[in-house]
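Note sheet for the following structure.
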Amino acid sequence: MATKFSRETYLYWYELMQLIRQFELMAEEKYKMEGKIRGFFHAYVGQEAIAAGAMTATRPEDLFITAYRDHGLAIAKGVSVNSCMAELYGKATGNAKGKGGSMHFFGKDCNFYGGHGIVGAQIGTGAGLAFAEQYRGTDNVVLAYFGDGAARQGILHETFNLAMLWKLPVIFICENNNYAMGTSIERTSNVIDIYKLADAYEMPADTIDGMSAESVHEGIGRAVKRAREKGGPTLLEIKTYRYKGHSISDPQKYRTKDEVDEYKSKDPIHQLLKTMRDNNLATDEEIKAIDQRVDAIVTESVKFAEESPWPDDSEVLKDVYVDQNYPFITD
Amino acid sequence: MARSIAFREALREALSEEMRRDDRVFLMGEEVAEYNGAYKVSQGMLAEFGPKRVIDTPISELGFTAVGVGAAQNGLRPVVEFMTWNFAVLALDQILNTASKMLAMSGGQVSCPIVFRGPNGSAGQLGAQHSTAFEALYANIPGIKVVSPSNGYDAKGLLKQAIRYEEDPVMFMESEVMYGDKCEVPESEYYIELGKADVKRIGRDVTIVSFHKMMKVALGAAAELEKEGISAEVIDLRTIRPLDWMTILESVKKTNRLVIVEEQWPFASVSSEITYRIQKEGFDYLDAPIRRITAADAPLHYAPNLVNAALPDVPRTVKLVKEVMYARK
Ligand SMILES: Cc1ncc(C[n+]2csc(CCOP(=O)(O)OP(=O)(O)O)c2C)c(N)n1
Ligand SMILES: [Mg+2]
């Protein structure tokens with residue numbers, strides 16, 4: 010067989026990437042057309058291969074943490090699609106009880122440590138998750154995701170230094186999609202190759218084609234092996250592209266349609282499908298069956314979200330302290 | 006002749022007028038130049054002033070704030086925009102440990118005339134990390150001033166004042182949900198002194214004090230109360246530090262009752278401070294305990310009903326005023 014990975018792996022990747030994409034497209038529609046979803050909403054469309062490759066390169070016990078562009082990674086880690094859609098709707102059945110919304114998906118049971126809204130913060134928090142794994146003597150690793158824009162925050166440097174000093178089992182994954190909101194990466198630094206930021210700390214680093222699930226799997230796989238074997242952190246710069254605006258409200262005047270189309274021609278799902286077809290890994294019927302299953306899951310999640318109840322108003326003062334009897338100031 | 010413009014345009018006029026007048030003034034922040042501002046406050050300013058004076062920064066709040074603070078100490082008059090005040094927390098070290106303290110630490114040698122501005126407080130369903138109202142936190146810090154306007158007219162005059170005349174760091178709090186609000190501004194330039202509250206509605210039965218977007222709740226409650234024969238005086242603080250408690254006291258001398266509406270968390274909030282001051286200076290004038298409505302003592306959640314339940318609104322303010330009036334029902 011000409012492919013590096015098994016048929017099952019390709020089928021898994023395809024289904025996961027389609028699920029993420031269709032979830033995003035459906036949610037966007039519910040946002041724009043029906044106003045059922047509010048707040049900031051950042052779609053993962055175009056970046057799905059990063060979630061797919063990461064999943065096959067890690068174990069369920071490994072921890073993921075990311076920024077607000079978090080739907081794809083949450084779904085990949087196994088946070089239920091129903092609970093993801095319900096979270097977008099702000100319903101009590103959401104993965105954060107309707108308290109987080111789009112930017113703050115969580116699934117501790119699945120080792121998904123959330124969507125974080127302050128750019129760069131989770132770089133450090135991710136190292137902290139890894140510190141606890143090292144402290145307890147496990148061989149679990151942490152994948153800490155952040156954007157190209159986040160790479161310009163000071164916390165990156167402090168965290169890189171600490172992670173190398175203590176050889177923490179963390180993989181820093183920069184999802185470089187070329188833009189931080191309306192700012193292209195060229196306008197943010199003298200150093201455009203983000204992976205080079207690891208050099209100052211003598212941290213191993215790599216750049217990876219984020220439009221290929223295979224490349225993502227291999228690159229993350231090498232870093233995971235190093236971290237599991239107590240070799241410390243790695244910085245991975247994964248080159249990708251977001252098809253949608255930064256968030257739903259972004260008019261995208263900072264880039265041309267040609268540029269977006271060029272990336273769409275390298276679409277990770279199309280590329281994967283082509284490999285699968287070229288190598289006879291799946292019949293058209295099998296692909297169609299996956300697409301139908303994905304549609305059904307996404308449609309069901311909308312129904313689930315719509316039929317779910319709102320959180321009770323009393324939830325305002327719940328989950329603020331673990332302490333049930335905390336004396337809140339109420340007037 | 007008065008013109009009707011949006012809040013964001015009022016801010017833009019203030020910035021542009023001061024930049025035309027004084028070439029030491031510049032604007033710096035994320036997406037302020039080429040993107041024309043995350044909320045379009047600085048639209049067109051790059052075209053007018055060029056990249057030397059309208060400066061895009063990477064997402065490096067601590068770094069660019071420090072650059073602003075240093076530039077202010079060395080003779081420039083920076084205006085630093087935070088995309089929202091939630092992100093200024095990363096730069097708090099520079100604001101609290103450097104900007105606010107340098108005059109004192111240097112024995113009066115090194116001042117820091119800088120304006121920090123951006124949207125503050127909740128703006129719908131943005132979740133816990135994008136919804137904090139910071140007035141009380143910053144007002145706790147000696148050495149800085151805190152401005153929190155409720156409308157574009159006030160905002161323009163206050164911002165011009167802050168940029169032109171204030172020699173100390175000024176925190177200027179705007180709101181995503183007020184940028185589109187229309188206001189009337191005169192053709193000619195004007196300045197509004199910091200530290201002066203404004204009586205936005207005259208009344209005799211009860212005083213309602215508020216600021217920022219909660220002024221809408223205060224004025225809305227006053228309108229409701231009027232229908233029931235209760236005449237509320239509504240005071241807009243405009244500046245939180247220095248706090249114009251004299252204006253509140255003068256009003257309380259007349260109404261003998263005080264209600265405060267704010268979006269801060271309740272502990273050590275602006276209302277806490279006002280309550281202390283008025284009970285001390287005006288104890289004999291009070292006919293009822295001072296009462297307040299604040300944001301819930303919790304991070305703001307995402308679900309729409311939880312947002313509504315957590316923030317002050319007109320019905321609860323009306324109810325509270327009636328309690329203070331010892332009114333039946
Ligand atoms: C500390 C901080 N500053 C600014 C923002 C506003 N903001 C949200 S996302 C974003 C761009 C981040 O871009 P990048 O890190 O490349 O991630 P991407 O959105 O491309 O996934 C900005 C400026 C924020 N949330 N937090
Ligand atoms: Mg980016």
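Chains as they are written, first to last, in the numbering used here: chain Y, 10 to 340; chain D, 6 to 334.
Heads up, the beta-carbon is just placed ideally off N, CA and C, and yes, glycines get one too.
- With three or more CB-CB distances shorter than 8 angstroms, the segment 130-145 of chain Y counts as touching the segment 169-177 of chain Y.
- Counting only the Cα atoms, Ile46(Y) lies some 20 angstroms from Ala305(Y).
- Within its own chain, the residues whose Cβ lies closer than 7 angstroms to the Cβ of Ala105(Y), once the five positions on either side in sequence are excluded, are Glu96, His113, Phe114 and Phe115, listed in chain order.
- Cys188(D) is bridged by DSSP to Ile10(D).
- For Phe92(D), the C-beta contacts it makes with chain Y under 8 angstroms involve Ile127 and Val128, in order along the chain.
- Counting along the chain, His125(Y) sits inside the beta strand (DSSP E) bounded by residues Phe121 to His125.
- Taken in chain order, the complete beta strand (DSSP E) segments of 3 residues or longer contained in the segment 165-232 of chain D are 175-179, 187-190, 203-206 and 211-215.
- Relative to ligand 2, the nearest heavy atom lies less than 6 angstroms away from the CB of Asn186(Y).
- Taking 6 angstroms as the cut-off, one finds no heavy atom of ligand 2 near enough to the beta carbon of Gly81(Y).
- For Val225(Y), the nearest beta carbon of chain D is not closer than 7 angstroms to its own beta carbon.
- Ser277(D) and Phe121(D) have their C-alpha atoms spaced approximately 25 angstroms apart.
- Taking Val74(D) as reference, the option from Ala293(D), Met50(D) and Asp173(D) with the minimal CA-CA separation is Asp173(D).
- With the rule of 3 Cβ pairs closer than 8 angstroms, the segment 121-141 of chain D does not count as touching the segment 55-63 of chain Y.
- Shown here, Met190(Y) sits in coil according to DSSP, grouped into three states, outside any helix or strand.
- At a threshold of 6 angstroms, Gly110(Y) does not count as near ligand 1, since its beta carbon sits no closer than that to any of the ligand's heavy atoms.
- Flagged as an interface residue toward chain Y: Pro271(D), by a C-beta distance shorter than 7 angstroms.
- Contact annotation for Ser198(Y) against chain D: Pro63 [CB-CB distance below 7 angstroms, chain order].
- Ala228(D) has its Cβ no nearer than 6 angstroms to any heavy atom of ligand 2.
- Each residue's CA atom was taken as its position, placing Pro318(Y) and Leu311(D) some 13 angstroms apart.
- Arg68(Y) sits in coil when the DSSP states are folded into three classes, being neither helix nor strand.
- Interface annotation, Pro124(D): not in contact with chain Y, CB-CB separation never under 7 angstroms.
- Counted as a single uninterrupted DSSP element, the stretch harbouring Cys183(Y) is not any alpha helix (DSSP H) but the beta strand (DSSP E) occupying residues Val179 to Asn185.
- Sequence-distant Cβ neighbours of Leu95(D) in its own chain, meaning closer than 7 angstroms and more than five residues away, are Glu66 and Leu67.
- Contact with chain Y is absent for Leu142(D), since none of that chain's Cβ atoms lies less than 7 angstroms from the residue's Cβ.
- For Met251(D), there is no enclosing beta strand (DSSP E); the enclosing alpha helix (DSSP H) covers residues Trp250 to Thr260.
- For Ile46(Y), there is no enclosing beta strand (DSSP E), as DSSP marks it with neither H nor E.
- Residue contact with chain D for Gln261(Y): absent (no Cβ-Cβ distance below 7 angstroms to any residue of chain D).
- Taking C-beta separations shorter than 6 angstroms and ignoring five residues to either side along the sequence, the partners of Asn186(Y) in its chain run Thr249, Tyr250 and Arg251, following chain order.
- Neighbourhood of Asp292(D) in chain Y, by CB distance below 9 angstroms: empty, with the nearest CB roughly 19 angstroms away.
- When the alpha-carbon of Arg145(Y) is set against those of Asn91(Y), His279(Y) and Pro178(Y), the nearest one is in Pro178(Y).
- For Val84(D), the three-state secondary structure derived from DSSP is strand.
- The beta carbon of Gly126(Y) sits no closer than 6 angstroms to any heavy atom of ligand 2.
- Using beta-carbon distances, Tyr331(D) does not count as an interface residue toward chain Y, since no partner is under 7 angstroms.
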